[in-house]
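Participant: From first to last, the protein sequence lines stand for chains A and B. First residue of the first sequence? That's 1 in my numbering, and the numbers climb one at a time after it. First residue of the second sequence? That's 1001 in my numbering, and the numbers climb one at a time after it. Idealized CB from N, CA, C, for every residue including glycine. What you are looking at is a predicted structure, and each value in this text was computed from that prediction instead of being measured.
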Amino acid sequence: MKRFLVIFLMLALGFYLIQALHFVPFGANRMGAPADKKTVAAFYLNETVPQTAVANVVTAIVVNYRGFDTLGEVTVLFLATTGLASILYKRRDEEETERVSKPSSTILQTGAKVLFPLVVILGVYVFVHGHLTPGGGFQGGAIIATGFLLMLIAYQKYHLSHSMLTWVESLAGILFVSIGLWGLITGGTFLENSWFPKGTLNSLISGGAIPIIYIAVGFKVAAELTGVLDILLSTKDDKSASNIQQ
Amino acid sequence: MMPYLAYFGQFLILFGSVFLFLGALGIFRMPDFYNRLQAGTKASTLGVMSLILGVGFVEPEWLVKSIILVVFIGIASPLSSHALGRSAYKNNIKPFMKTKMDAYEEVSQILPEEEEKV
């Protein structure tokens, strides 16, 4: 009976998908060809490289054309971190009384030591090359945070200094906003990019202020997500503690 | 010389795909958590490693990057499945009922408690 219900649901879903999509010819370019100057996609594909000298068009859109939106996203992440911290944060000296879980194995501890620098290097690579390859500040920051998560899982005594995280996060945010304000002073619009030398296309130093902004975003996201993980792992949930001990 | 290297790379990609398929089949068919874990880890580690190495041979510009990736996966994948299996064992997840022996239990009575070294 359940199986027939599943099949019926899949058929109904497929029917409505076909209803919605059968007008569109398969493989049709709905965004418009780059030769067609009237579409938005054509504008970005044609104008990004001359205007910003950034090889990755997505990065140019995210950081330059929609830079204000990216600032908003970073702010949303900051507010989420702050809210989580204000709900969950406890003083560390209060809750150092008892351990919930057993220490991890020697294999995991040694492997975490080997892998942690590699993961951090990968994250830095991703956000430094954000204007050349897929990825960018958010992705690189998340990768770095997973490296710290590995260390936090492997070593229970591993703790990060929250003042250092706050400093990194604040300095990165200040760098982002001050680049935007400097663009407002010199170029007339917030996050205006033209005051910075563009560099040559496809090299590491290219794209004006875009790599600097993405590096700042990478540091900020890494610090915020690491702070979230540290807070989540250092809070003691009474229910789960009693469950493990049983 | 070069086409043979590309043929070898394509053979490695095929080999890796076969092992990835076997890993997926093992996850689907094996009876309990531990068997699934070893099927998923062994087969797909070998599969992913040879697939990435094969891509490196087909595109020789990426060979150095793909070797770095292979080394990384060779460290990370067994490590993660070790952590998963150990935590499952410590949390008393029962093996398949036909399992006859439990070597870890015998060993863990002899071994000292693991300490944390920072």
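Please state whether DSSP places G135 (chain A) in a helix, a strand or coil.
Facilitator: Taking the first sequence and counting its residues from 1, one reaches residue 135 (chain A) at position 135. Of the three classes helix, strand and coil, the one that applies to G135 (chain A) here is coil, per DSSP.
Participant: Is it right to say L1051 (chain B) is buried, meaning 16 or more other beta carbons lie within 10 angstroms of its own, or is it exposed?
Facilitator: Numbered from its first residue, the second sequence carries residue 1051 (chain B) at position 51. Buried, because 16 or more other Cβ atoms sit within 10 Å of the Cβ of L1051 (chain B).
Participant: Helix, strand or coil, according to DSSP, for G130 (chain A) in the structure here?
Facilitator: By 1-based counting over the first sequence, the position of residue 130 (chain A) is 130. It is coil, neither helix nor strand.
Participant: Using three-state DSSP, classify G188 (chain A) as helix, strand or coil.
Facilitator: Residue 188 (chain A) sits at position 188 when you count from the first residue of the first sequence. The answer is coil: DSSP assigns G188 (chain A) none of H, G, I, E or B.
Participant: Drop a sphere of 10 angstroms on the beta-carbon of A1083 (chain B), count the other beta-carbons inside from all chains shown, and report buried for 16 or more, exposed for fewer.
Facilitator: The count along the second sequence starts at 1 and reaches residue 1083 (chain B) at position 83. A1083 (chain B) is buried by the Cβ-count criterion.
Participant: Examine chain A for any beta-carbon lying closer than 8 Å to the beta-carbon of R1120 (chain B), and answer yes or no.
Facilitator: There is no way to answer for residue 1120 (chain B), as the model of chain B reaches only from 1001 to 1118.
Participant: Just the Cα atoms here: how many angstroms apart are V177 (chain A) and Q109 (chain A)?
Facilitator: Locating residue 177 (chain A) in the first sequence gives position 177, counting from the first residue. Locating residue 109 (chain A) in the first sequence gives position 109, counting from the first residue. Near 39 Å, if we compare the C-alpha coordinates of Q109 (chain A) and V177 (chain A).
Participant: For I1075 (chain B) and chain A, any beta-carbon pair shorter than 8 Å?
Facilitator: Here the question's residue 1075 (chain B) lines up with position 75 in the second sequence. So yes, I1075 (chain B) belongs to the interface.
Participant: Which residues in chain A have a C-beta closer than 7 Å to the C-beta of F1072 (chain B)? List them in chain order.
Facilitator: In the second sequence, counting from the first residue as 1, residue 1072 (chain B) sits at position 72. L118, listed in chain order.
Participant: Residues bridged to S206 (chain A) by DSSP?
Facilitator: The residue given as residue 206 (chain A) occupies position 206 in the first sequence. According to DSSP, which records beta bridges pairwise, S206 (chain A) is partnered with A:G199.
Participant: Within this structure, are the beta carbons of L191 (chain A) and F68 (chain A) separated by less than 8 Å?
Facilitator: Here residue 191 (chain A) refers to the residue found at position 191 when the first sequence is read from its first residue. Here residue 68 (chain A) refers to the residue found at position 68 when the first sequence is read from its first residue. Against a cut-off of 8 Å, the Cβ pair of F68 (chain A) and L191 (chain A) comes out as a contact.
Participant: Pop quiz: L201 (chain A) and V49 (chain A) are said to be a contact at Cβ under 8 Å. What is the actual Cβ separation, rounded to whole angstroms?
Facilitator: Residue mapping note: residue 201 (chain A) aligns to position 201 of the first sequence, counting from 1. Residue mapping note: residue 49 (chain A) aligns to position 49 of the first sequence, counting from 1. The pair is a contact, with the Cβ atoms about 6 Å apart (cut-off 8 Å).
Participant: Return the Cβ separation of P211 (chain A) and V128 (chain A) in integer angstroms, given the expectation that the two are a contact with Cβ distance under 8 Å.
Facilitator: For the purposes of this step, residue 211 (chain A) is taken as the residue at position 211 of the first sequence. For the purposes of this step, residue 128 (chain A) is taken as the residue at position 128 of the first sequence. Going by Cβ atoms, the distance from P211 (chain A) to V128 (chain A) rounds to 7 Å, so yes, they are a contact pair.
Participant: Taking only heavy atoms of the ligand ADP into account, decide whether any of them is closer than 7 Å to the Cβ of S1081 (chain B).
Facilitator: No copy of the ligand ADP appears in this structure; indeed no ligand is present at all.
Participant: Between the C-alpha atoms of L17 (chain A) and R3 (chain A), what's the straight-line distance to the nearest angstrom?
Facilitator: In the first sequence, the residue the question calls residue 17 (chain A) occupies position 17. In the first sequence, the residue the question calls residue 3 (chain A) occupies position 3. Rounded to whole angstroms, L17 (chain A) and R3 (chain A) show a C-alpha spacing of 21 Å.
Participant: So, with DSSP's three-state summary, where would you put H22 (chain A)?
Facilitator: On the first sequence, residue 22 (chain A) is found 22 positions in, with the first residue counted as 1. It is coil, neither helix nor strand.
Participant: Quick check: A145 (chain A) and L225 (chain A), are their CB atoms within less than 8 Å of each other?
Facilitator: In the first sequence, the residue the question calls residue 145 (chain A) occupies position 145. In the first sequence, the residue the question calls residue 225 (chain A) occupies position 225. Yes.
Participant: Give the interface partners of V114 (chain A) over in chain B, defined as CB-CB distance under 7 Å, in chain order.
Facilitator: By 1-based counting over the first sequence, the position of residue 114 (chain A) is 114. Under the 7 Å cutoff, chain B gives I1075.
Participant: Just to make sure I have the definition right: I need the residues of chain A whose C-beta is within less than 9 Å of the C-beta of A1088 (chain B). Which are they?
Facilitator: Along the second sequence, one-based indexing puts residue 1088 (chain B) at 88. Residues of chain A whose Cβ lies closer than 9 Å to the Cβ of A1088 (chain B) do not exist, since the nearest Cβ in that chain is about 13 Å away.
Participant: Would you call the stretch 1035-1047 of chain B and the stretch 1066-1081 of chain B in contact, with 3 or more CB pairs under 8 Å?
Facilitator: Remark: three or more beta-carbon pairs, one from each stretch, lie closer than 8 Å, so the stretch 1035-1047 of chain B and the stretch 1066-1081 of chain B are flagged as touching.
Participant: Using a beta-carbon distance cut-off of less than 7 Å, what residues from the stretch 1077-1110 of chain B approach chain A?
Facilitator: L1079, H1082, A1083, R1086, K1090
Participant: Would you kindly work out how many angstroms separate the C-alpha atoms of F1015 (chain B) and V1048 (chain B), rounded to a whole number?
Facilitator: Here residue 1015 (chain B) corresponds to residue number 15 of the second sequence, with the count starting at 1. Here residue 1048 (chain B) corresponds to residue number 48 of the second sequence, with the count starting at 1. Their backbone Cα atoms lie some 10 Å apart in a straight line.
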